[in-house]
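Asks: Residue numbers (our numbering), protein chains in the order written: chain A, 27 to 454; chain B, 489 to 861; chain C, 2 to 262. Ideal placement from N, C-alpha and C gives every residue a C-beta, glycine not left out. I am attaching a structure below and will ask some questions about it afterwards.
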Amino acid sequence: MFGAKTGRGLVALMFVASIAASACGGSSGGDKVIKIGGLATLSGPFAVPGQDGFRGVEQALAKYGKKLASGNWQMDGYQIQLIKEGSDATPAVALEKAKKLIEQDNVDILIGPLSGDEGLAVKDYAKTVPDKTFVNGSSAAQDTTFRDAAPNFFRFSTDGAQWMAGLGKYAFTTKGYKNVAIVAEDYSFPYTQVGGFMYEFCAAGGHVVQKNWVPLGTKDYSSVVSNLPTSGVDAIYVALGGSDAVNFFTQYNQAGGKAKFIGGSITVDQSVLSVTGSFKDQLAGTIAAGPTADSATNQEWLDYVKAYKAQFTDGLPFPGLFALSYYNETIGVLEGLKAVKGDLSNKEAAFMAALAKVSFDGPTGHVSLDANRQAISSNYVTEVQKGADGNLQNVVISKADNVDQTLGLGATSPFLAQPVSRDFPSCP
Amino acid sequence: MSWVRSRQGIVTIVALLILVVYPLVMPRFWVLSIGSYSIILGIAALSLVFMSGYGGMVSLAQAALAGFAAYMLALATLAPSTNATGSAIGFGLPALAGAVIAVVLTTALGALFGAISARSYGTYFLMLTLALAVGFFYIVLQNYEIFGGHIGFAGILGPTGQPRANPEVFYYICLATATAVYLGLRYIVRSQLGLTFQGVRDNPRRMAALGYRVAAHRIALFAIAGFVAGLSGVLGAWYRGNISPGIVDLSRTIDVLIIAVIGGLGYPIGAFVGAVVFVLMDVFASSISLFGFSFDERFNTLIGVGFVVIVLVAPDGLVGLANRAWQSATHRGGGRRRAVDPLAAEAGLLAAPMPATSIAPSEPAGDGTPSNK
Amino acid sequence: MTFGTAAEVSAPALRLQGVGRRFGALQALHDVSMEVAAGERRAILGPNGAGKTTLFNVVAGDFLPTSGSVELFGKDVTSLTPYARTRLGVCRTYQTSQLFMGLTVAQSLFLAIRGVQRGRFDPRRPKADDPARAHSNEVAETVGLTSVLQSPVGSLSHGQQRQLEVGMALAGKPRLLMLDEPAAGLSRTERVVLTELLQRLPRDITVILVEHDMDVALAVADRVTVMAEGTPIVEGNPSEIQANRTVQDIYLGHAVGVHHG
Chain A
27 MFGAKTGRGL VALMFVASIA ASACGGSSGG DKVIKIGGLA TLSGPFAVPG
77 QDGFRGVEQA LAKYGKKLAS GNWQMDGYQI QLIKEGSDAT PAVALEKAKK
127 LIEQDNVDIL IGPLSGDEGL AVKDYAKTVP DKTFVNGSSA AQDTTFRDAA
177 PNFFRFSTDG AQWMAGLGKY AFTTKGYKNV AIVAEDYSFP YTQVGGFMYE
227 FCAAGGHVVQ KNWVPLGTKD YSSVVSNLPT SGVDAIYVAL GGSDAVNFFT
277 QYNQAGGKAK FIGGSITVDQ SVLSVTGSFK DQLAGTIAAG PTADSATNQE
327 WLDYVKAYKA QFTDGLPFPG LFALSYYNET IGVLEGLKAV KGDLSNKEAA
377 FMAALAKVSF DGPTGHVSLD ANRQAISSNY VTEVQKGADG NLQNVVISKA
427 DNVDQTLGLG ATSPFLAQPV SRDFPSCP
Chain B
489 MSWVRSRQGI VTIVALLILV VYPLVMPRFW VLSIGSYSII LGIAALSLVF
539 MSGYGGMVSL AQAALAGFAA YMLALATLAP STNATGSAIG FGLPALAGAV
589 IAVVLTTALG ALFGAISARS YGTYFLMLTL ALAVGFFYIV LQNYEIFGGH
639 IGFAGILGPT GQPRANPEVF YYICLATATA VYLGLRYIVR SQLGLTFQGV
689 RDNPRRMAAL GYRVAAHRIA LFAIAGFVAG LSGVLGAWYR GNISPGIVDL
739 SRTIDVLIIA VIGGLGYPIG AFVGAVVFVL MDVFASSISL FGFSFDERFN
789 TLIGVGFVVI VLVAPDGLVG LANRAWQSAT HRGGGRRRAV DPLAAEAGLL
839 AAPMPATSIA PSEPAGDGTP SNK
Chain C
2 MTFGTAAEVS APALRLQGVG RRFGALQALH DVSMEVAAGE RRAILGPNGA
52 GKTTLFNVVA GDFLPTSGSV ELFGKDVTSL TPYARTRLGV CRTYQTSQLF
102 MGLTVAQSLF LAIRGVQRGR FDPRRPKADD PARAHSNEVA ETVGLTSVLQ
152 SPVGSLSHGQ QRQLEVGMAL AGKPRLLMLD EPAAGLSRTE RVVLTELLQR
202 LPRDITVILV EHDMDVALAV ADRVTVMAEG TPIVEGNPSE IQANRTVQDI
252 YLGHAVGVHH G
């Protein structure tokens with residue numbers, strides 16, 4: 027068995043290789059074609075957000091150009107070809123797909139990825155390819171841009187800490203929560219969210235008395251629920267996504283828990299509010315914060331939602347925060363290309379310089395970049411309220427504009443002395 | 489038969505030449521992301537093919553073993569401060585020393601897995617190794633202080649630094665390792681120890697009656713497979729530069745099985761053929777469009793359909809398919825009947841294909857009921 | 002009662018004392034006490050379900066007895082594993098062949114020889130002058146498989162597979178050879194060959210034989226034990242057994258009854 031089949035196996039190998047090589051490729055005539063690689067999560071728990079992210083990219087392309095029969099987008103004097111790749115939300119796969127887009131498909135600009143750890147991996151990779159431009163998708167880890175930044179990595183969306191802007195103050199000052207316990211998933215995005223909340227909450231004088239980190243996808247929260255203090259805690263900050271959140275709320279409610287909730291940016295979205303369950307009454311009054319609010323009424327938002335619904339008949343009821351992030355990133359890229367008239371010569375130097383100066387009014391507010399090429403933009407504080415029809419909905423409490431990455435604390439603040447982690451910041 | 493052998497010799501030499509020249513003529517992406525990565529996955533799949541083909545043990549723990557090696561490599565070679573959780577773990581050893589430690593420890597873990605599962609057969613063995621793999625995933629996911637939790641470890645450097653700095657060198661390291669593993673396993677299966685593995689595969693009860701401690705031989709086999717998986721894990725960690733629980737999750741476990749099945753569970757070279765096909769499909773499925781329909785957002789569907797087609801068309805894998813085509817083309821039937829004899833020098837290079845390995849090999853329990861005649 | 006040169010043998014090859022084996026509600030063996038002297042040829046007869054194969058499995062260690070004790074060559078082996086008993090010199094065959102279908106005859110015999118020697122974990126290829134090679138050739142000749150030495154076991158005829166079954170047991174240089182229906186499925190000619198083979202075995206090998214074929218069993222055996230319902234009921238030499246009324250009733254009569262009924 028060992029040995030004899032070597033030659034035959036290799037023949038098969040080469041055959042397959044030739045098929046694969048002929049299957050890829052593709053070109054188009056006419057104007058110069060700029061290749062943009064799109065990277066989002068298309069399998070695993072974030073597959074639906076990943077598809078919505080690509081809708082954001084296409085919506086932006088449709089706003090600036092016209093789709094041709096070839097599938098390319100006609101811009102003013104050049105075409106854009108969008109090549110999509112899907113990851114499974116793990117950094118390793120995101121990295122493989124980014125390499126494929128950059129090294130095999132030779133894209134000029136990469137937009138993506140979707141989630142925090144993927145973003146950190148792609149940022150590290152970007153440093154090794156300084157002549158290509160990397161633009162974030164919706165990944166929101168702080169250190170993708172804050173520490174050890176890559177000069178060719180740009181982020182026109184805000185990070186997970188910025189998404190908490192206004193919430194800590196609102197919880198302490200208006201809601202009067204002094205002591206809070208935390209239940210959050212154990213990876214970089216919730217670290218960033220918890221950190222952003224604590225920047226304001228701790229600075230205002232609040233205490234975070236306990237942190238419970240649970241693995242992503244945890245179904246059984248009984249040990250967490252029994253570990254939570256039964257008294258002396260005004261609210262529980264919950265940074266869990268989707269079904270994890272529903273499971274926790276249900277089990278906490280069934281165990282007789284009475285505390286109020288504070289949510290992360292993806293904790294109390296419409297999918298959680300529309301689930302029926304005994305915990306629903308307890309959810310009323312839950313405060314949260316994030317870069318989008320379905321019920322916003324500014325004209326840019328209304329126009330954006332209208333265009334989304336018109337372009338994607340199979341889309342979500344509202345464009346989610348993933349669609350918005352990818353949309354803003356793509357708008358940033360297209361504005362940058364416009365500024366240099368599609369000129370990517372000289373290792374994209376002029377383009378990157380122009381990109382760093384791009385600013386625009388997005389659906390949720392003004393977007394500009396700081397010195398680390400990180401977005402400064404708007405953020406909403408929302409609260410779950412019972413509507414006239416008895417259904418729960420998120421209501422906008424306040425909106426903060428021009429939120430920077432330090433949430434106004436300044437880069438030298440002790441809260442920003444270390445990367446956010448399980449143990450930092452801390453104010454017990 | 490000598491002309492067949494000589495023609496095979498020529499094919500083997502040409503193939504080896506192509507593999508050696510490959511990185512010199514191909515772009516970096518093809519050298520690293522296709523070539524090197526296929527070899528790394530192929531070594532992991534080879535450890536499974538070795539176990540199933542020569543021990544009748546279809547293990548789902550090989551990805552976990554490879555991942556364990558990567559974690560051990562990270563802990564051995566990273567400086568203490570590099571730990572994602574900030575706790576001071578890491579020994580800052582040189583890359584090669586770390587690799588040796590990682591592979592030795594993985595061999596030991598393979599033996600431990602073997603000791604746990606040695607008395608289980610067929611589906612029970614499969615489930616037990618699956619449980620070990622999933623258990624390992626949760627151990628690394630939840631033990632932040634030691635394994636860095638969801639983020640794991642980054643910044644793992646090989647003896648030549650980042651692979652992309654010297655793609656050809658890294659490729660040759662992978663190719664040399666794979667060749668050495670292949671030849672080493674080929675030697676072992678023809679040794680006295682290898683013969684005992686095949687005896688255990690065919691009839692563990694009879695082996696016990698001949699004086700063998702069957703469990704010990706299965707443990708030894710698992711340890712050797714652990715050694716091989718460990719090499720794959722070390723190369724994989726150098727290749728990626730990082731290790732996280734995502735590398736040892738259920739889908740990676742199944743990837744290894746898929747690769748082995750695509751290539752052919754009974755054919756060691758199939759592990760590498762399967763790996764190449766797997767990697768090419770994974771990379772290029774999203775670039776394929778048929779009749780104007782692009783699969784870019786549905787490439788997983790295309791990959792799944794591709795695998796189903798391969799398994800239906802070639803139940804014994806692509807190598808098995810090629811083998812049958814070769815035999816019918818040269819009018820030489822009965823190839824599967826030919827058996828290797830490690831004792832007979834004249835057997836030469838011709839080695840027997842395994843009897844088709846099923847997921848559920850024969851149970852040794854024998855007559856559990858007192859049926860007498 | 003001893004056979005061969007009595008002086009060199011002190012302990013019996015096999016001594017069973019009060020051995021019982023229960024499978025759930027079924028008492029397969031019940032209070033079996035038996036002694037087989039070193040060098041003896043013992044046939045065990047009995048109708049289906051008498052417990053003969055269970056007895057073999059208890060002696061070989063495949064099953065542990067639920068009561069009683071097993072002694073081999075004067076050593077208590079009641080809780081010893083099968084491989085340890087094999088290393089003490091107990092080699093057996095099976096009612097249905099237990100062979101290595103993916104190996105050749107030569108490889109199978111080599112494994113059988115190596116099983117009771119050092120080098121079971123030797124990661125090297127066998128040397129050209131390894132005595133085990135010569136030994137496997139001898140065994141192949143003894144059981145008439147020299148011409149198919151390099152053939153895969155799967156390609157052998159049924160008769161050849163039965164010969165290999167015996168050959169593998171012999172290759173382990175047994176002191177106690179236990180044959181479970183070695184003649185099952187053999188042609189008349191093959192039975193004659195087998196009988197002669199068994200008769201030629203040296204007297205330093207003790208043989209216990211379960212066999213339905215009376216011609217084979219009585220031609221080989223010095224003594225015969227008849228079992229019924231899990232326990233020995235009669236023991237004697239072949240002529241005594243043939244003359245015994247009880248045996249005729251419960252075994253031979255039974256067998257004839259089955260034949261005609």
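#1: Can you grab the Cα-Cα spacing for the pair residue 722/B / residue 587/B, in whole Å?
#2: Chain C beta carbons: is any one of them nearer than 9 Å to that of residue 539/B?
#3: For residue 295/A, tell me which candidate among 257/A, 303/A, 419/A and 352/A has the shortest Cα-Cα distance.
#4: State the Cα-Cα distance for the pair residue 731/B and residue 558/B, rounded to the nearest angstrom.
#5: Is the separation between the beta-carbon of residue 421/A and that of residue 431/A shorter than 9 Å?
#6: State the DSSP-derived secondary structure class of residue 700/B, mapped to helix, strand or coil.
#7: So, for residue 752/B: in the same chain, excluding its five sequence neighbours on each side, which residues have a beta-carbon less than 6 Å away from its beta-carbon?
#8: Is the CB of residue 17/C under 9 Å away from at least one CB in chain B?
#9: Taking the straight line between their C-alpha atoms, what separation do you get for residue 446/A and residue 266/A?
#10: Based on the DSSP secondary-structure assignment, which residues constitute the bridge partners of residue 239/A?
#11: Which residues in chain A sit within 7 Å of residue 629/B, going by Cβ to Cβ distance?
#12: For residue 93/A and chain B, any beta-carbon pair shorter than 9 Å?
#13: Whose C-beta lies closer than 7 Å to the C-beta of residue 117/C among residues of the same chain, with five residues either side of it excluded?
#14: With H, G and I counted as helix, E and B as strand and the rest as coil, what does DSSP make of residue 386/A?
#15: Which runs of the alpha helix (DSSP H), 4 residues or longer, sit entirely within the region 112-158 of chain A?
#16: Would the region 644-659 of chain B and the region 506-524 of chain B be scored as touching if the rule is three or more Cβ pairs under 8 Å?
#17: Can you list the residues of chain A that residue 784/B reaches, using a CB-CB cut of under 7 Å?
#18: Excluding the 5 residues flanking residue 216/A on each side, which residues of the same chain have their C-beta closer than 6 Å to its C-beta?
#19: In the region 686-707 of chain B, which residues sit with their C-beta less than 7 Å from some C-beta in chain A, listed in chain order?
#20: Quick test of the definition: if touching needs 3 or more C-beta pairs under 8 Å, does the region 529-536 of chain B touch the region 666-686 of chain B?
#21: Going by the DSSP bridge assignment, what does residue 650/B pair with across the sheet?
#22: Any Cβ of chain A within less than 9 Å of the Cβ of residue 520/B?
#23: Is there at least one Cβ from chain C nearer than 9 Å to residue 680/B's Cβ?
#24: Nearest-angstrom Cα distance between residue 145/C and residue 740/B?
#25: Is there a Cβ of chain B sitting closer than 9 Å to that of residue 109/C, yes or no?
#26: Please confirm if residue 112/C has its CB atom under 9 Å from at least one CB of chain B.
#27: What does residue 18/C pair with, by DSSP beta-bridge criteria?
#28: So, under 8 Å CB-CB, residue 143/A and residue 746/B are touching, yes? Tell me the CB distance rounded to an integer number of Å.
#29: Opposite residue 391/A in the DSSP bridges: which residues?
#30: With 16 other CB atoms within 10 Å as the buried threshold, where does residue 691/B fall?
#31: Leaving out five residues before and five after residue 101/A in sequence, what residues of the same chain have Cβ atoms less than 6 Å from its Cβ?
#32: Quick one: what does DSSP say residue 119/C is sitting in, helix, strand or coil?
#33: In chain A, which residues lie with their C-beta within 8 Å of the C-beta of residue 728/B?
#34: In angstroms, rounded to a whole number, what distance separates the CA positions of residue 26/C and residue 708/B?
#35: Can at least three beta-carbon pairs, one atom from the region 767-776 of chain B and one from the region 786-796 of chain B, be found at a separation below 8 Å?
#36: Could you confirm whether any beta carbon from chain C is found closer than 9 Å to the beta carbon of residue 738/B?
Replies: This is what the structure gives:
#1: When only Cα atoms are considered, residue 722/B and residue 587/B end up about 6 Å apart.
#2: no
#3: 419/A
#4: 6 Å
#5: Taking 9 Å as the cut-off, the Cβ atoms of residue 421/A and residue 431/A do not count as close.
#6: coil
#7: Only 758, 804, 805, 807 and 808 meet the Cβ criterion.
#8: no
#9: Roughly 17 Å between the two C-alpha positions.
#10: 210/A
#11: 241
#12: no
#13: 87, 88, 173 and 174
#14: strand
#15: DSSP runs (the alpha helix (DSSP H)) wholly in the region 112-158 of chain A: 117-125 and 142-153.
#16: By the Cβ criterion, the region 644-659 of chain B is in contact with the region 506-524 of chain B, since at least three pairs of Cβ atoms, one from each stretch, lie closer than 8 Å.
#17: Those within 7 Å of residue 784/B in chain A are 110.
#18: 210 and 265
#19: none
#20: Yes, the region 529-536 of chain B is in contact with the region 666-686 of chain B.
#21: Beta-bridge pairing links residue 650/B to no other residue.
#22: yes
#23: yes
#24: 51 Å
#25: At a cut-off of 9 Å between C-beta atoms, residue 109/C counts as an interface residue with respect to chain B.
#26: yes
#27: Partner(s): 70/C.
#28: Not really, about 25 Å apart at Cβ, beyond 8 Å.
#29: According to DSSP, which records beta bridges pairwise, residue 391/A is partnered with 388/A.
#30: buried
#31: Answer for residue 101/A: 91, listed in chain order.
#32: coil
#33: 118 and 121
#34: Approximately 39 Å, taken between the alpha carbons.
#35: yes
#36: Contact of residue 738/B with chain C is not assigned, every C-beta pair being separated by 9 Å or more.
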